[in-house]
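Numbering (full-length UniProt numbering), first residue to last: 1 to 587.
See structure below.
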């Protein structure tokens with residue numbers, strides 16, 4: 001085993017993979033730690049007497065549920081030990097329906113997952129041979145000691161495997177790779193400054209670990225200190241050219257020309273199969289000065305589909321210089337950039353980036369800055385909503401703290417539909433009365449023909465009460481009033497906010513009030529589960545109006561629920577069996 005699971009290591013562990021993918025019998029002895037996992041439903045004995053029960057057995061052989069193909073066992077083990085971002089760092093679809101927290105379905109932590117994997121490999125020899133690779137799929141080297149131990153484990157397993165190959169007379173026909181053959185995601189975290197003598201050995205072990213992992217797919221580098229000279233060239237030499245995903249985090253960069261060789265060299269161009277490039281946590285402290293002195297090479301990255309960047313002008317300029325023919329998913333993280341970066345520099349470089357890559361983007365996510373002031377990020381959301389800038393944009397996700405969209409006077413004059421124009425005028429009037437927040441720049445000039453899904457993060461029920469104006473309501477009202485500018489819009493979803501988990505007893509009524517307003521313009525307003533909350537058809541007449549319920553809820557916050565509050569509500573649960581319900585659960 002590795003340093004990650006030292007306590008699970010057994011003596012004479014060679015770690016040689018099975019020679020062939022043949023079904024493995026999983027009969028666990030009664031003395032095994034997990035004997036309860038064995039199937040205790042055994043097929044009945046078959047009599048061989050003529051005319052006996054043997055005639056019934058001729059229909060087919062008995063089914064042995066204790067013997068399964070190894071691929072199926074591996075999938076079962078992976079499902080039981082799944083941890084997000086362990087096998088891939090690609091961003092998931094933001095519109096995958098969320099589910100309320102359930103302790104029975106609780107998400108594994110890395111420590112819990114590793115404990116489960118260690119328990120699995122201890123069950124029996126067959127499971128050990130099969131599941132050892134799970135221990136090495138995602139390796140995190142977060143300390144100097146762990147780097148040394150993991151390097152030693154890889155070297156010893158390779159030497160042991162070489163002895164087995166030589167004993168079988170295979171010679172050089174089968175290369176010895178050791179446990180490194182199973183590593184898919186290697187994460188190196190360098191947090192503390194070590195003494196020079198130890199530091200040299202540390203970096204040598206890191207490079208050797210990379211060299212001994214020939215099937216690596218994901219590499220994550222987290223560096224708190226500047227990288228030593230020659231490290232990047234060594235990684236370029238020993239990282240496999242088939243690398244698919246790269247995460248690079250570097251803190252407190254002062255002189256980008258010297259401390260960011262990943263951007264100023266041809267390092268990235270070696271990996272022609274790279275699909276995910278995550279640079280969102282590179283923090284350049286003096287980006288304005290670096291913009292004047294740094295020259296970026298123009299590289300071709302033919303397979304990059306997902307790109308994550310901070311709202312840093314230096315990184316935006318770097319991305320605008322690259323050739324990314326397959327780019328379609330962009331993430332801009334305002335939390336990764338320093339607060340001293342001026343917004344006008346960010347917007348200037350973003351304009352240049354969108355001129356080069358905007359026509360390819362189909363999904364854009366804006367992540368907010370991490371502050372207690374709830375201030376918006378440096379980028380206005382309307383910068384992506386022009387058909388000239390991002391004509392193929394299908395999905396747009398942002399935080400509710402951002403400034404809301406607003407059409408220009410010239411755009412209002414072009415709206416032919418009278419109701420649509422009046423709704424947009426109300427949006428403009430609301431922005432004029434809103435005060436300091438104001439609308440997002442630039443103003444909307446044309447309708448976007450392709451935008452289909454909008455996700456708003458950071459919403460809570462306290463920000464949806466109509467008599468308590470909040471920025472989340474400004475966004476909802478903006479999309480209500482600007483329906484004419486988004487003819488293809490189908491879904492607006494409050495990502496992260498689930499009505500079913502809210503402790504506010506009036507949360508369903510408040511959300512239904514907004515849902516009915518969106519229903520009038522032909523758009524589904526969904527909560528984080530992807531559920532449209534509505535009233536049952538046969539009880540709409542008897543239930544009190546939602547506006548009246550909200551008014552009573554606000555006027556009597558300490559009182560119990562008003563009469564009839566829950567008489568017409570439909571919750572997205574399995575107990576709801578009424579055939580006339582209007583609740584829709586759409587992904």
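Heads up, the beta-carbon is just placed ideally off N, CA and C, and yes, glycines get one too.
Exercise. So, using beta-carbon positions, are residue 648 and residue 228 closer together than 7 angstroms?
Worked result: Here the chain covers residues 1 to 587 and nothing more, so residue 648 does not appear.
Problem set entry | Limits of the beta strand (DSSP E) - the one that residue 526 falls within | 524-526
Problem set entry | residue 306, buried or exposed, once every other Cβ within 10 Å from all chains shown has been counted against 16 | buried
Problem set entry | Separation of residue 236 from residue 626, as counted between CA atoms | Since the displayed the chain opens at 1 and closes at 587, residue 626 lies outside it and no answer follows.
Exercise. If residue 182 and residue 130 are in contact, beta carbons under 8 angstroms, what's the gap, nearest whole angstrom?
Worked result: Not confirmed; about 12 angstroms, so no contact.
Exercise. Do the CB positions of residue 369 and residue 335 come within less than 7 angstroms of each other?
Worked result: yes
Exercise. Pick from 497, 286, 301: whose alpha carbon is nearest that of residue 294?
Worked result: 286
Exercise. On the three-pair Cβ rule with 8 angstroms, is the segment 470-482 touching the segment 109-122?
Worked result: no
For this session: Helix, strand or coil for residue 98, going by three-state DSSP, please let me know.
Result: coil
For this session: Taking all protein chains shown into account, decide if residue 325 is buried (16 or more other Cβ within 10 angstroms of its Cβ) or exposed.
Result: exposed
For this session: Could you please give me the residues that DSSP links to residue 220 through a beta bridge?
Result: 187, 247
For this session: Measuring alpha carbon to alpha carbon, tell me which of 388, 358, 332, 357 ends up nearest residue 346.
Result: 332
For this session: Buried or exposed for residue 371, please, with buried defined as at least 16 other CB atoms from any protein chain shown within 10 angstroms of its CB.
Result: exposed
Exercise. By the 10 Å Cβ neighbour count, where 16 or more other Cβ atoms means buried, how is residue 374 classified, buried or exposed?
Worked result: exposed
Exercise. For the alpha helix (DSSP H) that residue 395 lies in, which residues bound it at each end?
Worked result: First-last for residue 395: 395-399, but that is the beta strand (DSSP E), not the alpha helix (DSSP H).
Exercise. Name the DSSP bridge partner or partners of residue 278?
Worked result: 247, 308
For this session: Measure the Cβ-Cβ separation of residue 277 and residue 246 and say whether it is below 7 angstroms.
Result: yes
Problem set entry | Beta-carbon contacts of residue 221 that lie in its chain and below 6 angstroms, excluding the five residues immediately before and after | 188, 248
Exercise. Whose C-beta lies closer than 8 angstroms to the C-beta of residue 174 among residues of the same chain, with five residues either side of it excluded?
Worked result: 165
Problem set entry | beta strand (DSSP E) segments (min. 3 residues) lying fully within the segment 445-525 | 453-457, 491-495
For this session: Quick one: residues in its chain with C-beta nearer than 6 angstroms to the C-beta of residue 41, no 5 flanking neighbours on either side, listed in chain order?
Result: Only weak support exists for where residue 41 lies, its pLDDT of 45 falling under 50; the coordinates are left without a value.
Exercise. Assuming residue 394 contacts residue 452 under a Cβ cut-off of 8 angstroms, what Cβ separation, rounded to an integer in Å, is found between them?
Worked result: 5 angstroms
For this session: Compute the Euclidean distance between the alpha carbons of residue 519 and residue 415, then round it to the nearest angstrom.
Result: 21 angstroms
Exercise. Which value, in whole angstroms, describes the spacing of the CA atoms of residue 77 and residue 216?
Worked result: 21 angstroms
Exercise. Exposed or buried, residue 46, counting other C-beta atoms within 10 Å across all chains shown (16 or more means buried)?
Worked result: Any reading at residue 46 needs caution, since the residue's pLDDT is 46, under 50, leaving its predicted position unreliable; the model's value is listed next. The residue in question, residue 46, is exposed, as its Cβ has fewer than 16 Cβ neighbours within 10 Å.
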